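Residue numbers (our numbering): 8 to 77.
Cβ coordinates follow ideal geometry from the N, Cα and C atoms, glycine included.
Everything numeric in this text was worked out from a predicted model, so none of it was measured.
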Amino acid sequence: MVKKTKGSGRFGARYGAPLKRKRLNIEEKQKKLYECPLCLKHSVKRVSSGIWHCHKCDTKFAGRAYTLGE
Ligand SMILES: [Zn+2]
């Protein structure tokens, strides 16, 4: 009985692999959206070089040309 439980656990881990791959694909599509430092929502999009805009709290702020952050 104990061995069977361990076996099902392994299968559970294997089933989790494809789900993680799907998540990675979704994250790749959302790469253009960044986390807002004000409302912490992933709704920040680059307006122009160094200018970013959050759709949630409607705030524009300066950042790096291609990525947010320091
Ligand atoms: Zn925001």
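Could you give the distance in angstroms between the alpha-carbon of W59 and the alpha-carbon of A72?
9 Å
Could you pull the start and end residues of the beta strand (DSSP E) that K52 belongs to?
H49 to S55
For T66, verify whether its CB is less than 7 Å away from any heavy atom of ligand 1.
yes
So, at 6 Å on beta carbons, what are the nonlocal neighbours of F68 in its own chain, with the 5 sequence-adjacent residues on each side left out?
W59
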